[in-house]
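Visitor:
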Amino acid sequence: MTELPRRHVLGMTAGAAVGAALLTPATAEAAPGAPALPGATETAGKAKGDWGAVPAAVPVPLDSWFDNDGIDTADARGGDFDGSGYTFPGEELPSGTVKLNGVPFLFPASAAGAKNNIVALGQHIDLPRGKYLSGSFLVSCSYGEASGQATLHYADGSTSTAGLGGPDWYAGGGPLSAPYRYTASGEKDQHQVSFGVAELSIDPAKEVVGLTLPTTNPAEADKSSLHVFALSLQPAADGRALALRDAHSTTSLLDSRAQSVEVTVVNAGTVAILGADALTVSVDVDGAGTVIPARIPRLAPGDQARVRIGIRNKPGVKPGTARDGQVVARGRGQDAATARSRLTLGVPDFAATDESLSTHQAPYWFQDAKFGIFIHWGVYSVPAWAPVGKQYAEWYWNQMQDPNNATYAHHRDVYGENFTYDDFIPRFKAEKFDPRSWVELFRDAGAQYHVLTSKHHEGFALWDTKVSDRNAVKMGPKRDLVKELFDASRRYAPELHRGLYFSMPEWFNPDNPWSGYAPRNPYTLEPVPYTGYTAGKDYIKDYQAPQMLELIDGYDPEVLWCDIGGANDSHRVLAEYYNHAKNRARPIEVAVNNRSGIGPHDFTTPEYATYDSIVTDKWEASRGLDPYSYGYNQATPDSMYMTAEEIVHTLVDTSSKNGNFLLDIGPRADGTIPEIMQTRLRETGKWLEVNGEAIYGSTYWARMPQLGQDLRFTVRPGKAFYIHSLARPGATLTVEAPVPARSGDKITMLGHGRPLNWRTSGAKLVIDVPAAARSAGRYAWVFKVEQVK
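Numbering (the working numbering), first residue to last: 715 to 1503.
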């Protein structure tokens, strides 16, 4: 079996994800007629006492359904993954059995002309008959994320549906990736392409017999398609059974500064784990000791909890020492499950390599924050124009180059053909910029962090960069806008975390123009100056990397939000960033997104979109209050901005799927934030004052992220379970899902407070919602299940 690194993971859970390829004391047989995957369970000993065993994973042969060839090699051509002739490089991919984030798959062959994936178009696939917890899919998507409703068919004639989707192979990240793809002409396009893992829950009380895939699009240019490469099923266990999945050490620290080891604990049996079981999880490894065991007070059948265990190195053990160890779950006075893992003890300095940088992950503060404010502010805030709902206003300079673009005519009509883009710089004055009012607004909105555009594609820096005069201190505002905002944030809203956006390329930088040419008058095509910049630099070594390090060393951003990627020195820069943060007199935990131009990243960044399924590695959706633009667009009427209800619904939806929501505002050139934006943020903050406990610090419910269009779920492990109704409920709220509510639990509605009457009927929860409770809610009604131990 090929064991691949855990990081670069974009595990996607569709429906009731409950751990595939479980690391357990497995002794049971696979389902009849289906071979067990070799190495699918990594165990230490056998089940004993009160705890049963969990069967090994079962592969489902898909060869007869394969209808697309998405993998080529330099010597064997003929594939067409996306309808445009592009393919994965077979030389960079495994063969045979491969484990991805703890899930074993049979990776399809990549022989010349061989079909190796299914384009999801509603095909019906027969499954080995049996009772399963979940199905794990190796997937990838062409031309954007793709998803749809999958249907499971059971032996009793019933069905269940849930969303099934995947990441875009070019823009996403995943547990399996290649550093390039082949073009239609056989050349290497040096850009990472990846696969994801999607999990679909299965009702373990029934025998499943078949699966109908979602209907997406054929593999054609400009159409998003879901491709399925492999499928593994995880059988359910009878009685009391526990499983451990994806046990690994991290470079993250707990509040006590102990190193965190993470593992996902799955109740793979039919008996609930309760407080009386005294279930704890610890680490047994030579060279370190468990100082903070994880405790799981309750876990319903089929549910899971990702837990953090604190360890500390013993004297004399250097940070970075690698040792074989095991994670042990113990309950009812017995070992319930163990998982072997190669653990790195302590957090060493990071090296400028994929291997080292890939051990970094999104810090826990970022995972818990859920809500941040994006700020697009720059020279583009002066013209502040784009066709409403169709183009980015911050792309004004780029769009005015095209005679067929509306911005080309707009600029000529309003400013004249001889008015260059850089003539806007003196008009970008920021004269009314009040950083204190900004950060207090962000705090009042309920945001936990903010991210300012330090430099957009126009190349105008908002800080006092020393490698160019093209900045806000030398020109325009004549102020260090980044410093002023960060200083105000630290002083007046210290609870907020601070981040910076940085564009890796610049459209018209004379030394490396992303557009392909240096600045020019779009009407005459004559060259024009790149104001404040002296050409002749090595763009990466003398300019891009030094600017990034100026921000890191001078401003201590806790988020570095890179954009576009392209040519870079990001391995070195990110290693310095992580080490700078770790080795400060007062260390900070930092995060980097997936747009720095290299593979390692801490979170992915869908734009004006969210995922339809749970993504088990961290992600962040961003969009503007504007219907299309991040920068301020003066043409947008107030009526077209997001409503508070839309903001809340997006925040709830992303939180229920393990995402953050980075909501963008576009200040005017004078530094004022449009009144409609302020209103929307404060309305959101009022909702969070009441309901924030169901958002901050919450995680997804692994059984399912949502039910229908109106219900979402979040969990505060060991504390409470939350049901979010995006529609105003009636006299009763019926939840046809196995909500983990037991006799003695209390259900309330946040903002109402009084206990509500409730009852269960099979896998259905019914809550009585009096008129007073319905009237107390707004935008989204949140019901809290307080669990007894």
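All C-beta atoms in this analysis are idealised placements derived from N, C-alpha and C, irrespective of residue type, glycine included.
Keep in mind it's a predicted model, so treat the numbers as computed, not measured.
How is residue 1266 classed by DSSP in three states: helix, strand or coil?
Guide: In the structure shown, residue 1266 sits in a helix (DSSP, three-state: H, G or I).
Visitor: Who does residue 1089 pair with in a DSSP beta bridge?
Guide: Per DSSP, 1166, 1379.
Visitor: Taking the straight line between their C-alpha atoms, what separation do you get for residue 1387 and residue 1315?
Guide: Each residue's alpha carbon lies about 31 Å from the other.
Visitor: Between residue 891 and residue 1313, how many whole angstroms is the CB-CB distance? I'm expecting something under 8 Å.
Guide: About 6 Å; that satisfies the 8 Å criterion.
Visitor: Take every Cβ of the stretch 1239-1254, pair it with every Cβ of the stretch 1122-1140, and state whether three or more of those distances are shorter than 8 Å.
Guide: Yes: at least three Cβ pairs fall under 8 Å.
Visitor: Can you give me the start and stop residues for the beta strand (DSSP E) that residue 913 sits inside?
Guide: Per DSSP, residue 913 belongs to the beta strand (DSSP E) from 907-915.
Visitor: Exposed or buried, which one is residue 831 when buried takes at least 16 other CB atoms within 10 Å?
Guide: That one is buried.
Visitor: Quick one: what's residue 931 bridged to in DSSP?
Guide: None; residue 931 has no bridge partner.
Visitor: For residue 1062, tell me which candidate among 948, 1023, 965, 1218 has the shortest Cα-Cα distance.
Guide: Closest option to residue 1062, Cα to Cα, is 965.
Visitor: Give me the DSSP bridge partner(s) of residue 1046.
Guide: Answer is none; residue 1046 lacks a bridge partner.
Visitor: Taking DSSP as the reference, what is the three-state secondary structure of residue 894?
Guide: Correct three-state label for residue 894: coil.
Visitor: Could you tell me which whole beta strand (DSSP E) segments of length 3 or greater appear in the stretch 776-843?
Guide: Listed in chain order, the complete beta strand (DSSP E) runs (minimum 3 residues) inside the stretch 776-843 are 810-814, 817-821.
Visitor: My understanding is that residue 1342 touches residue 1104, with C-beta atoms under 8 Å, so please give their C-beta distance in whole angstroms.
Guide: About 6 Å separates the two Cβ atoms, so the contact holds.
Visitor: When the Cα atoms are used, what is the spatial distance from residue 1048 to residue 918?
Guide: Roughly 25 Å between the two C-alpha positions.
Visitor: Measure from the alpha carbon of residue 1027 to the alpha carbon of each residue in 1043, 1058, 986, then state which is nearest.
Guide: The option with the nearest alpha carbon to residue 1027 is 1058.
Visitor: Look up residue 1460 in the DSSP assignment and say whether it is helix, strand or coil.
Guide: In the structure shown, residue 1460 sits in a strand (DSSP, three-state: E or B).
Visitor: Please report the distance separating the alpha-carbon of residue 749 from that of residue 1023.
Guide: Reliability fails at residue 749, whose pLDDT of 36 lies under 50, so the model's placement of it is uncertain and the value that follows must be treated cautiously. Whole-angstrom Cα-Cα distance: 34 Å.
Visitor: Buried or exposed for residue 1128, please, with buried defined as at least 16 other CB atoms from any protein chain shown within 10 angstroms of its CB.
Guide: So residue 1128 counts as exposed.
Visitor: Please classify residue 983: is it buried, with 16 or more other beta-carbons within 10 angstroms of its beta-carbon, or exposed?
Guide: Answer is buried; the Cβ neighbour count reaches 16.
Visitor: So, for residue 1458: in the same chain, excluding its five sequence neighbours on each side, which residues have a beta-carbon less than 6 Å away from its beta-carbon?
Guide: Hits under 6 Å: 1502.
Visitor: Could you pull the start and end residues of the beta strand (DSSP E) that residue 877 belongs to?
Guide: Element bounds for residue 877: 873-880.
Visitor: Could you check where the alpha helix (DSSP H) with residue 1152 kicks off and where it finishes?
Guide: Taken as a continuous stretch (DSSP letters only), the alpha helix (DSSP H) holding residue 1152 covers 1149-1158.
Visitor: Is the number of C-beta pairs between the stretch 853-864 and the stretch 1316-1333 that are closer than 8 Å three or more?
Guide: At 8 Å Cβ cutoff, the stretches touch.
Visitor: Looking at the structure shown, is residue 760 part of a helix, part of a strand, or coil, going by DSSP?
Guide: With a pLDDT of 44 at residue 760, under the threshold of 50, the predicted position of this residue should be treated as unreliable, though the coordinate-derived value follows. Correct three-state label for residue 760: coil.
Visitor: Please name the residue in 1292, 1369, 929, 994 whose C-alpha comes closest to that of residue 1438.
Guide: Taking only the C-alpha atoms, the option nearest residue 1438 is 1369.
Visitor: Since residue 931 contacts residue 956 with CB under 8 Å, what's their CB separation in whole angstroms?
Guide: That pair is no contact at about 41 Å.
Visitor: Taking 8 Å as the threshold (C-beta atoms), are residue 991 and residue 1416 in contact?
Guide: For residue 1416 and residue 991, no; Cβs fall outside 8 Å.
Visitor: Taking the CB atoms as reference points, tell me whether residue 1278 and residue 1236 lie closer together than 8 Å.
Guide: No. Outside cutoff.
Visitor: What are the boundary residues of the alpha helix (DSSP H) that residue 1400 is part of?
Guide: From DSSP, the alpha helix (DSSP H) with residue 1400 extends over 1389-1405.
Visitor: Taking only runs of the beta strand (DSSP E) that begin and end inside the stretch 1226-1278, which ones reach a length of at least 3 residues, in chain order?
Guide: For the stretch 1226-1278, whole beta strand (DSSP E) runs of length 3 or above, ordered along the chain, are 1273-1277.
Visitor: I need the boundaries of the alpha helix (DSSP H) containing residue 973, first residue and last residue.
Guide: Careful: residue 973 lies outside any alpha helix (DSSP H), inside the beta strand (DSSP E) at 973-981.
Visitor: Report yes or no: do the stretch 1436-1452 and the stretch 1481-1494 share at least 3 C-beta pairs separated by less than 8 Å?
Guide: Counting Cβ pairs under 8 Å, three or more are found: they touch.
Visitor: Taking the straight line between their C-alpha atoms, what separation do you get for residue 1078 and residue 1305?
Guide: So the alpha carbons of these two residues sit roughly 10 Å apart.
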